[in-house]
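A.B. asks: Can you read through this structure? Questions will come right after.
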Amino acid sequence: RELVDGITLKKYIEEKNRLTVREAVSITIQVAMGLEAAHRNNVIHRDIKPQNIMISREGKVKVTDFGIAKAATSNTITSNVMGSVHYTSPEQARGGYSDAKSDIYSLGVTLFEMLTGRVPFNGDTTVAIAIKHIQEPIPSVRKYVPDIPLSVEKIVLKCCQKSPDRRYQSASELIRDLKQSLITPDEDFVHLVDPDEENATRIATEKEDRELRRELQRYPDEDEPPVRRVKKKSETSGNGSRKKRRIDDLEEDPVRRRYHDEDDPEEEEGPEIEKVTLILGVIVGILVLVILLFVFGTKAGFFGDKTNGSGQDSSVGTSGIEIPDVSGTSFAEAKSILQGKGFTVVKEDDTESGKSRNTVTGQEPAAGTYAPSGSEVKIRVATGNGAGSSSATVPSGSSASASASASVQKVKVPNVVNMPEDTAVATLIEAGLRVGTITPVSSAEVKADTISRQAPAAGEEADPNSLVNLEISTGPEKVSYYFDGTIAAPTSQEASDYTAGVPVQIIFIASDGTVILNTTATEFPYGPVTAHGLKVPTGAIKMVYTVTTPDTVDANGNVTPGKSEQRTVTRAVSFTKE
12 RELVDGITLK KYIEEKNRLT VREAVSITIQ VAMGLEAAHR NNVIHRDIKP QNIMISREGK
72 VKVTDFGIAK AATSNTITSN VMGSVHYTSP EQARGGYSDA KSDIYSLGVT LFEMLTGRVP
132 FNGDTTVAIA IKHIQEPIPS VRKYVPDIPL SVEKIVLKCC QKSPDRRYQS ASELIRDLKQ
192 SLITPDEDFV HLVDPDEENA TRIATEKEDR ELRRELQRYP DEDEPPVRRV KKKSETSGNG
252 SRKKRRIDDL EEDPVRRRYH DEDDPEEEEG PEIEKVTLIL GVIVGILVLV ILLFVFGTKA
312 GFFGDKTNGS GQDSSVGTSG IEIPDVSGTS FAEAKSILQG KGFTVVKEDD TESGKSRNTV
372 TGQEPAAGTY APSGSEVKIR VATGNGAGSS SATVPSGSSA SASASASVQK VKVPNVVNMP
432 EDTAVATLIE AGLRVGTITP VSSAEVKADT ISRQAPAAGE EADPNSLVNL EISTGPEKVS
492 YYFDGTIAAP TSQEASDYTA GVPVQIIFIA SDGTVILNTT ATEFPYGPVT AHGLKVPTGA
552 IKMVYTVTTP DTVDANGNVT PGKSEQRTVT RAVSFTKE
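Residue 166 in our numbering sits at position 155 of the sequence shown, with consecutive numbering throughout.
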């Protein structure tokens, strides 16, 4: 358990109406990093929404309330537990399986709300909203805020695709595009899966195969097969009651009804359908036989050598995802490539290699072999301590030099001014640079907690792995003032009718409304009065007292008593800078 001193993201959005693009993207990156850690440990949150995201007073983002989270390896059917309907994924709304991509959908809806100040779907009932998540495409954020960059718009669209296979396949993929959007917001680098590409035939992964088998076991067809022959005319007597019973059965069992929705009870399948089915079965059998002959013939050498160096057939007969060759690249690049393919990366230090530090020296399993998505790939990374190694560090995101003596290619320093600190650091590391000193500096022009200056400047060329020093804004300079002195009585110029000893109310206020003193005095000078930490350089002392006018006598000798009248004296005061 952890106590977070701050507010929920929902409250923050309500206070600001909507967030800036940079602020919304930065918050989303931090949430995605939390989800990446959870997914890496096979935990699915299943209730990502602004109400479950906390922002601390220091600006740190925390994902909370794992109350309906489940292990990704368990049977993650939502059953009776579903996250808030405004942020739920289509598969959760249907009551189906939820995985890491369900969290990505909900995070996409949360990003939509941060950018626009509203949720994409609303309705009179939770059912109506859930149906919209299932059926309606998510509206563009540019519909509500036209100046949102193209890349951010497409990131939201990709997160909120109806099909999980068309979304980001991992939180790390999402983080990569979010960071890129901060650097080149108007570039079209977000890849949305084409529907034709999505529907292409592919080999199911082991995970998909297990889920499909579990799904089929939940709905055993015990009563009758889905395809039936039409009864002969002589057998249709009394069919009305049997027809009614079957309709009742389908109404009671929605699963069977799903399988029979397209079957009319009296449809005529007949001998022609049986012949077509038989012919198709024979054709499929022949195709399978030809493929098997080709595979075994290739391995036997009848059709030439079609296998790669590992003996794995490169065209047919494989299952899983091909492992790419990352030898010779930097660790950061290798990690990005492998995670992009859906693999889990395990790093092992290679202390004996003579290659430059951070260079990948080997991998297991070997490149060109196949493994299911989520499998571990071990990569050995040079520490730079081996014999003949170069002291230079391979910059993140670039390929290792084939020779330590080769000329070093310069890298262009990216612009990180106005970025939050964590985003700026990530941007520099991705460019192959290192962060030097980070100095807090007050600035009235640059927002607090963002980079106000960098050296070298953006656009300059620098050696890989060189240092970039940063200055981070603490906001406007915090100047304070103080007052230390006494308060004199009203002078004859200020109040000609003031008499010593008369009670005077003293109200001492700074120009920003801060009350320094509020009291009544009869003796002057009053004090000493001391006040420190004042935020403005000026203030005012208001003194209020009462006088009685003299009695008056008219021509007839009638006496009118004097009246009590209130007088006010205001005196300007300047404070001293601390």
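Heads up, the beta-carbon is just placed ideally off N, CA and C, and yes, glycines get one too.
This one's a predicted model, so the numbers in the text were calculated from it and none came from an experiment.
From V555 to V580, what distance separates their C-alpha atoms?
C.D. replies: By one-based count along the sequence shown, residue 555 stands at place 544. By one-based count along the sequence shown, residue 580 stands at place 569. The straight-line gap from Cα to Cα measures roughly 6 Å.
A.B. asks: Under a Cβ-count criterion, where at least 16 other Cβ atoms within 10 Å of its own Cβ denotes burial, should A124 be classed as buried or exposed?
C.D. replies: Taking the sequence shown and counting its residues from 1, one reaches residue 124 at position 113. It should be pointed out that residue 124 corresponds to Glu in this sequence rather than to Ala. By the 10 Å Cβ count, E124 comes out buried.
A.B. asks: Quick check on the burial criterion: 16 or more other C-beta atoms within 10 angstroms. Buried or exposed for S575?
C.D. replies: To locate residue 575, count along the sequence shown from 1; it is residue 564. Answer is exposed; the Cβ neighbour count stays below 16.
A.B. asks: At what residue ranges does the stretch 457 to 517 contain a whole run of the beta strand (DSSP E), taking only runs of 3 or more?
C.D. replies: Positions of the beta strand (DSSP E) runs, each at least 3 residues long and wholly inside the stretch 457 to 517, are given as 462 to 466, 478 to 484 and 492 to 498 in order along the chain.
A.B. asks: For the candidate residues G573, V427, P572 and I527, whose alpha-carbon lies nearest to that of I194?
C.D. replies: Mapped onto the sequence shown, residue 194 falls at position 183. Checked all of G573, V427, P572 and I527; the closest Cα to I194 is V427.
A.B. asks: Determine the burial state of V299: buried for a count of at least 16 other Cβ atoms within 10 Å of its Cβ, exposed for fewer.
C.D. replies: Translated into the one-based positions of the sequence shown, residue 299 becomes position 288. Exposed, because fewer than 16 other Cβ atoms sit within 10 Å of the Cβ of V299.
A.B. asks: Over the uninterrupted beta strand (DSSP E) stretch that includes S67, give me the two end residues.
C.D. replies: Within the sequence shown, the letter at position 56 stands for residue 67. Run containing S67: I64 to S67, per the beta strand (DSSP E) assignment.
A.B. asks: Span of the alpha helix (DSSP H) holding P101?
C.D. replies: What you label residue 101 is simply residue 90 of the sequence shown in a count that begins at 1. Note, P101: alpha helix (DSSP H), P101 to R105.
A.B. asks: Run the CB neighbour count on Q146, radius 10 Å, all protein chains shown included, and call it buried at 16 or more, exposed below.
C.D. replies: On the sequence shown, residue 146 is found 135 positions in, with the first residue counted as 1. Per the 10 Å Cβ criterion, exposed.
A.B. asks: Can you tell which of N28, D114 and T99 has the C-alpha that lies nearest to the C-alpha of T39?
C.D. replies: Locating residue 39 in the sequence shown gives position 28, counting from the first residue. Nearest C-alpha to T39: D114.
A.B. asks: With a 10 Å radius around its C-beta and 16 neighbouring C-beta atoms as the bar for buried, classify F519 as buried or exposed.
C.D. replies: As a first step, residue 519 must be located in the sequence shown, where it is residue number 508. The residue in question, F519, is buried, as its Cβ has 16 or more Cβ neighbours within 10 Å.
A.B. asks: For K27, name the three-state secondary structure that DSSP assigns.
C.D. replies: To locate residue 27, count along the sequence shown from 1; it is residue 16. In this structure, K27 counts as helix in the three-state DSSP scheme.
A.B. asks: In whole angstroms, what is the alpha-carbon distance linking A521 and R578?
C.D. replies: The residue given as residue 521 occupies position 510 in the sequence shown. The residue given as residue 578 occupies position 567 in the sequence shown. Their Cα atoms are separated by approximately 21 Å.
A.B. asks: What is the C-beta distance between I8 and T19, in whole angstroms, given that I count them as a contact (C-beta under 8 Å)?
C.D. replies: One cannot answer for residue 8 here, as it falls past the ends of the chain, which runs 12 to 589.
A.B. asks: To the nearest whole angstrom, what separates the beta carbons of S384 and I348, a pair I think is in contact under 8 Å?
C.D. replies: Locating residue 384 in the sequence shown gives position 373, where the first residue counts as 1. Locating residue 348 in the sequence shown gives position 337, where the first residue counts as 1. With a Cβ gap of about 14 Å, S384 and I348 do not count as contacting.
A.B. asks: Could you name the residues of the same chain whose beta carbon sits closer than 6 Å to that of T557, not counting the 5 residues immediately before and after it, in chain order?
C.D. replies: The residue labelled residue 557 in the question sits at position 546 within the sequence shown. Hits under 6 Å: S575 and Q577.
A.B. asks: Here's the rule I'm using: 16 or more other beta-carbon atoms within 10 Å means buried, otherwise exposed. How should K423 be labelled?
C.D. replies: Taking the first residue of the sequence shown as position 1, residue 423 is located at position 412. With fewer than 16 Cβ atoms within 10 Å of its Cβ, K423 is classed as exposed.
A.B. asks: If you follow the alpha helix (DSSP H) that V130 is part of, which residue opens it and which one closes it?
C.D. replies: Taking the sequence shown and counting its residues from 1, one reaches residue 130 at position 119. First-last for V130: undefined, no H or E at that position.
A.B. asks: Using C-beta distances below 8 Å, list every residue in its chain close to V540, excluding the 5 sequence neighbours before and after it, in chain order.
C.D. replies: As a first step, residue 540 must be located in the sequence shown, where it is residue number 529. Closer than 8 Å at Cβ, skipping near neighbours: F494, D495, G496, T497, I498, F519, I527 and L528.
A.B. asks: DSSP on P61, reduced to helix/strand/coil?
C.D. replies: By one-based count along the sequence shown, residue 61 stands at place 50. Reduced to three states, the DSSP call for P61 is helix.
A.B. asks: Flag this pair as yes or no: are the beta carbons of I140 and V96 separated by less than 7 Å?
C.D. replies: Along the sequence shown, read from residue 1 onward, the residue named residue 140 stands at position 129. Along the sequence shown, read from residue 1 onward, the residue named residue 96 stands at position 85. The Cβ atoms of I140 and V96 sit closer than 7 Å to each other.
A.B. asks: Give the DSSP bridge partners of E47, in chain order.
C.D. replies: Locating residue 47 in the sequence shown gives position 36, where the first residue counts as 1. Answer by DSSP bridge pairing: none, since E47 is not bridged.
A.B. asks: Using only the alpha-carbon positions, how far apart do K358 and G365 sit?
C.D. replies: Residue 358 sits at position 347 when you count from the first residue of the sequence shown. Residue 365 sits at position 354 when you count from the first residue of the sequence shown. So the two alpha carbons sit approximately 18 Å from each other.
A.B. asks: The beta strand (DSSP E) that contains I527, what's its start and end?
C.D. replies: The count along the sequence shown starts at 1 and reaches residue 527 at position 516. V526 to A532 is the span of the beta strand (DSSP E), which, as asked, contains I527.
A.B. asks: Going straight from the alpha carbon of P148 to that of S174, what length do you get?
C.D. replies: Here residue 148 refers to the residue found at position 137 when the sequence shown is read from its first residue. Here residue 174 refers to the residue found at position 163 when the sequence shown is read from its first residue. Computed Cα separation, rounded: 11 Å.
A.B. asks: Which residue's Cα is closest to the Cα of Q420: N476, V457 and V452?
C.D. replies: Position 409 of the sequence shown, counted from the start, is the residue given in the question as residue 420. Answer by Cα proximity: N476.
A.B. asks: Could you work out which residue in F200, D176 and R177 is closest to R187 when comparing CA atoms only?
C.D. replies: Walking along the sequence shown from the start, residue 187 turns up at place 176. If we check each option's Cα against that of R187, F200 comes out closest.
A.B. asks: To which residues does DSSP link P431 through a beta bridge?
C.D. replies: Residue mapping note: residue 431 aligns to position 420 of the sequence shown, counting from 1. According to DSSP, which records beta bridges pairwise, P431 is partnered with T461.
A.B. asks: List the whole-angstrom C-beta distance separating T340 from R368, where the pair is believed to meet the contact cut-off of C-beta under 8 Å.
C.D. replies: On the sequence shown, position 329 is the one that residue 340 refers to. On the sequence shown, position 357 is the one that residue 368 refers to. Incorrect: roughly 13 Å between the Cβ atoms, too far for contact.
A.B. asks: If distances are taken between C-alpha atoms only, which option among I390, T461 and S454 comes closest to V490?
C.D. replies: Translated into the one-based positions of the sequence shown, residue 490 becomes position 479. When only C-alpha atoms are compared, the closest one is S454.
A.B. asks: In this structure, does DSSP put N52 in helix, strand or coil?
C.D. replies: What you label residue 52 is simply residue 41 of the sequence shown in a count that begins at 1. Coil, per DSSP.
A.B. asks: Pull up the distance between the alpha-carbon of L478 and that of A583, whole angstroms please.
C.D. replies: Sequence index remark: in the sequence shown, residue 478 carries index 467 (1-based). Sequence index remark: in the sequence shown, residue 583 carries index 572 (1-based). Looking at the two C-alpha atoms, the distance is approximately 53 Å.
A.B. asks: When you compare each of D76, I483 and A459 to Q465 by their alpha carbons, which one comes out closest?
C.D. replies: Counting from 1 along the sequence shown, the entry for residue 465 is found at position 454. Here the closest residue by C-alpha is I483.
A.B. asks: In whole angstroms, what separates the C-alpha of H144 from that of A542?
C.D. replies: Here residue 144 is taken as the residue at index 133 of the sequence shown, counted from 1. Here residue 542 is taken as the residue at index 531 of the sequence shown, counted from 1. Using only the alpha carbons, I get a separation of about 59 Å.
A.B. asks: Do T587 and G573 have their CB atoms nearer than 7 Å?
C.D. replies: What you label residue 587 is simply residue 576 of the sequence shown in a count that begins at 1. What you label residue 573 is simply residue 562 of the sequence shown in a count that begins at 1. For T587 and G573, no; Cβs fall outside 7 Å.
A.B. asks: Whole angstroms are fine: how far does the CA of E534 sit from the CA of A511?
C.D. replies: By one-based count along the sequence shown, residue 511 stands at place 500. By one-based count along the sequence shown, residue 534 stands at place 523. Distance between the alpha carbons of A511 and E534: 8 Å.
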